[in-house]
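Numbering (our numbering), first residue to last: 186 to 548.
In what follows, a structure is listed as structure tokens, so that the remarks can point back to it.
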């Protein structure tokens, strides 16, 4: 039997209409449309090239019988898969699980599923996931990855589905962006250190290819300038946003004899690396050197001493991203213009910061 031949009619008692107490099955649809169950599956999945009359018969049977296998009929009528793509920089980075979980909860509440891809700091891998998700016909995409080239950002601008960017800033391109107020947040952390009496503060930056890293360095500079702290007392040290980058940054400060009493860091992972290097060198946090991070990942409250850090609203980012996509998909004719939402950061004061003292040797 070919795909478009009628289903076996050998069972003379096979009804084309299900019993009222039972839901319609794919066999009922096949009998009503006069095709095989395989043809029904292919038409509903959008696979192959069925004859127009065949496809129309299947869709008509689906509507007449109210056939709804896991939402397929509804998706078919709306030309949607009820799936959202989500690409993160690296799922091993402890910043992302909370964001992903919140996005998944928000998506399921709206009867969407999440297709997740981890770019692993690889531009080519990120582009692979972008293409894959379009091939899988996702209804919209959330991009929580800064590891993209200029060409990739332009690809997103021209994407065939709605796109929301999270925790990244695509250089003013017309995309909806949900991120943290990195400039103001960093100033909050530096003002905390200044209020504790610190006048010699180093900053370990993240990778300069990330907009958030640039914004946080700007916040650091603004806070230092406002407190009349000059560049000589407030060095910016190269980092990469990773644990190893924090270790290397602290080792460079120690080897160079830079005399600072506090080190502010691009993120918590960097800060934990800095504290590790200081401990190995025999320096005590916060008695000798105060340390701050950013993101408030779970490990920030597990390390010893616990880490003073800026909390980002990671769960809110994930929730808002799904909310914005769902709104654009449910009301495409009323879709809002691209917007940038900057969520505030909150300082979580813990054990890694303390008052600067005359006896503190610094780094």
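In this text, a Cβ means the ideal position worked out from N, Cα and C, and glycines have one as well.
Item, Value
"For residue 466, the three-state DSSP class (helix, strand or coil)", "coil"
"Residue from 443, 436, 458 whose Cα sits closest to the Cα of residue 427", "458"
"Residues of its chain near residue 468, where Cβ-Cβ distance is below 6 Å and the 5 sequence neighbours each way are ignored", "474"
"Inter-stretch contact (C-beta, 8 Å, three-pair minimum) for the segment 297-309 and the segment 268-275", "yes"
"Buried versus exposed, by CB contacts within 10 Å (16 or more), residue 213", "buried"
"Own chain, CB closer than 8 Å to residue 524, minus 5 neighbours either side, in chain order", "361, 362"
"Assumed close pair residue 491, residue 478 - CB separation to whole angstroms, cut-off 8 Å", "With a Cβ gap of about 11 Å, residue 491 and residue 478 do not count as contacting."
"Per-residue DSSP class, three states only, for residue 388", "strand"
"Unbroken beta strand (DSSP E) run spanning residue 496, endpoints", "493-496"
"Collapsed DSSP secondary structure at residue 370 in the structure displayed", "helix"
"Separation of residue 499 from residue 341, as counted between CA atoms", "22 Å"
"Contacting residues, own chain, Cβ-Cβ under 6 Å from residue 388 (five flanking each side not counted)", "405, 421, 449"
"Member of 484, 453, 385, 338 whose CA lies at the smallest distance from the CA of residue 438", "385"
"Residue from 542, 513, 216 whose Cα sits closest to the Cα of residue 381", "542"
"Residue 453 versus residue 485: straight-line alpha-carbon distance, rounded", "7 Å"
"Own chain partners of residue 316 with C-beta closer than 6 Å, once the 5 adjacent residues on each side are dropped", "none"
"Burial state of residue 538 (16 or more Cβ within 10 Å)", "buried"
"CA nearest to the CA of residue 294, picked from 278, 267, 280", "267"
"Distance, residue 321 Cα to residue 425 Cα", "33 Å"
"Beta-ladder partner(s) of residue 271, from DSSP", "301, 327"
"Same chain, Cβ closer than 6 Å to residue 372, five either side skipped, listed in chain order", "404, 407, 408"
"Residue from 444, 442, 251, 399 with nearest C-alpha to residue 423", "399"
"CB of residue 324 within 8 Å of CB of residue 348, strictly", "no"
"Inter-residue Cα distance where the pair is residue 533 and residue 249", "58 Å"
"In DSSP terms, what residue 480 is bridged to", "496"
"Any alpha helix (DSSP H) of 4 or more consecutive residues that is wholly inside the segment 377-444", "396-411, 428-441"
"Rounded C-alpha distance that separates residue 547 from residue 480", "25 Å"
"Same chain only: Cβ atoms within 7 Å of residue 246, ignoring 5 sequence neighbours per side", "214, 217, 218"
"Status (buried if at least 16 other CB within 10 Å, exposed otherwise) for residue 339", "exposed"
"C-beta contact flag for residue 503 and residue 223 at 8 Å", "no"
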